[in-house]
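S.K.: Starting off with a structure, shown below.
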Amino acid sequence: MCDPYAEAMSPGAQQVAYFLSVLAVSSALTLAILRG
């Protein structure tokens with residue numbers, strides 16, 4: 299990922315952003331599965 303904002307952030311902030319994005323995707327998939 300060539301993201302200037304991500305490069306400016308500290309590694310810890312990058313990990314948090316990655317975790318949040320993964321959490322959002324997984325929750326969206328779970329909602330889609332539950333709704334059928």
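Counting in my numbering, the sequence shown runs from 299 upward without gaps. Cβ coordinates follow ideal geometry from the N, Cα and C atoms, glycine included.
Whole angstroms is fine: what's the gap from Q313's alpha carbon to S319's?
M.R.: The count along the sequence shown starts at 1 and reaches residue 313 at position 15. The count along the sequence shown starts at 1 and reaches residue 319 at position 21. Rounded to the nearest angstrom, the gap between the Cα atoms of Q313 and S319 is 10 angstroms.
S.K.: Could you tell me the distance, in whole angstroms, from the CA atom of T328 to the CA atom of A322?
M.R.: As a position in the sequence shown, residue 328 is number 30, starting the count at 1. As a position in the sequence shown, residue 322 is number 24, starting the count at 1. Whole-angstrom Cα-Cα distance: 10 angstroms.
S.K.: May I ask which residues mark the beginning and end of the alpha helix (DSSP H) holding G310?
M.R.: Counting from one through the sequence shown, the residue named residue 310 turns up at place 12. Segment 309-333, the alpha helix (DSSP H) holding G310.
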